[in-house]
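Notes for the one structure printed next.
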Amino acid sequence: MGRARTVGAAMILLGGTAAILAGCATGPDPEVARRAQTAMVGMPKADLLACAGVPDRQATASGREYYSYVARPAVAYSPGSSIGIGAGSFGGSGGVGLGLGFGVPVGGGTSTGCEATVVIGPRGTVEQVSYPAGASLSSCTPIVSNCMAPRG
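All letters in the sequence shown, in the order written, are residues -21 to -1, 1 to 131 by mature numbering (1 follows the signal peptide of the UniProt record, and there is no 0).
This is the structure in structure tokens:
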């Protein structure tokens, strides 16, 4: 009975670990940033400021306002180490152990970040949302996500 319980606990632990790692492997949905380029056109300036916040930079030219929003690169997970003490039993024998663990980063590095430019036209509404050529749309999603209605 004790061995079955230990094996069951190990299976639950492995399943939980797999679920956590699967959650870490995905980032922001790039489709949100793609949809924002059309869905936000026509949005009043006041609504943009309410959902996206104050821009990092702004400029005015030819009767248009240019707002730049910057999503900073994500910080990489850094490897770490820890020491732990545990007690348990396996196969009928019990004991106490001391272990040294090393953290390994999972997920493939850092995000490059993104800078979105939103153009406000003479009518006071969004005319354009653009991202730099080659930008990772996943990195741009945090800029516009609060302005997009959830898909249901």
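Don't be surprised by glycine CBs; every beta carbon is placed ideally from N, CA and C.
CB-CB under 7 Å to residue i, same chain, minus the five flanking residues each way: which ones, in chain order?
i: Cys30; result: Asn125 and Cys126
i: Pro23; result: Gly103 and Thr104
i: Arg36; result: Ser47
i: Ala18; result: Met127
Keeping to the same chain, check which residues put their C-beta closer than 8 Å to that of residue i; ignore five residues upstream and five downstream.
i: Pro7; result: Ser117, Ser118, Thr120, Pro121 and Ser124
i: Ala112; result: none
i: Gly34; result: Note that residue 34 is Pro in the sequence shown here, rather than Gly. Cβ neighbours of Pro34 beyond the five flanking positions: Tyr46, Ser47, Tyr48 and Val97.
i: Leu27; result: Met19, Tyr46, Val97, Ile99, Val105 and Cys126
i: Ser115; result: Pro9, Ser90, Thr91 and Cys93
i: Pro129; result: none
In the DSSP assignment, what are the bridge partners of residue i?
i: Glu94; result: Val49
i: Ser109; result: Thr96
i: Gln37; result: Tyr46
i: Thr104; result: Pro23
Excluding the five sequence neighbours on either side, which residues of its own chain have a C-beta within less than 6 Å of the C-beta of residue i, listed in chain order?
i: Ala38; result: Tyr45
i: Ser109; result: Thr96
i: Ala1; result: Note that Ala1 scores 42 on pLDDT, short of 50, meaning its location in the model is unreliable; the coordinates nonetheless yield the value given after this. Cβ within range, chain order: n/a, list empty.
i: Glu106; result: Val98 and Gly100
i: Gln16; result: Val108
i: Ala40; result: none
Is residue i near residue j, with beta carbons less than 8 Å apart?
i: Arg14; j: Gly100; result: no
i: Arg51; j: Gly21; result: no
i: Val49; j: Glu10; result: no
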